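A.B. asks: Got a structure here, written out as structure tokens. Questions coming.
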Amino acid sequence: SIFFSDLWAISIDGVNVDSIQWYPTWNSSIYNIGITGVLRIDTLSLGEHYLQVSCKDYVVSDGHDLCEKCTVTIPFWRDMYN
């Protein structure tokens, strides 16, 4: 079995995050299925942060890479209300 934790490397401000709760997401209006990841940010200081999602080097049993190399950086701001 392949799990999302096997495929994606998640970090905030360069620190790896392993405690992510993954949930399936279904959008019936466009017939699309996806995933939602939930993680705590209450330990982060107030202000600007960067969430980075990148594909891990994961090779399936036939020897092929499961996904291409990709990295997405998402800036976000933690304020006193979240």
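Numbering-wise, the sequence shown is residues 1 to 82 according to the numbering used here. We put the beta carbon where it would ideally sit given N, CA and C, even for glycine. Everything numeric in this text was worked out from a predicted model, so none of it was measured.
#1: Do His-49 and Ile-2 have their beta-carbon atoms positioned less than 7 Å apart in this structure?
#2: Relative to the C-alpha of Trp-22, which candidate in Trp-8, Thr-73, Asp-79 and Ser-45 has its C-alpha closest?
#3: Tell me the rounded alpha-carbon separation between Ser-5 and Asp-18.
#4: Please give me, in chain order, every unbroken run of the beta strand (DSSP E) with length at least 3 that falls completely inside the stretch 13-57.
#5: Express the C-alpha separation of Ile-10 and Gly-37 in angstroms, rounding to a whole number.
C.D. replies: According to the structure data:
#1: no
#2: Trp-8
#3: 8 Å
#4: 21-27, 32-38 and 47-55
#5: 10 Å
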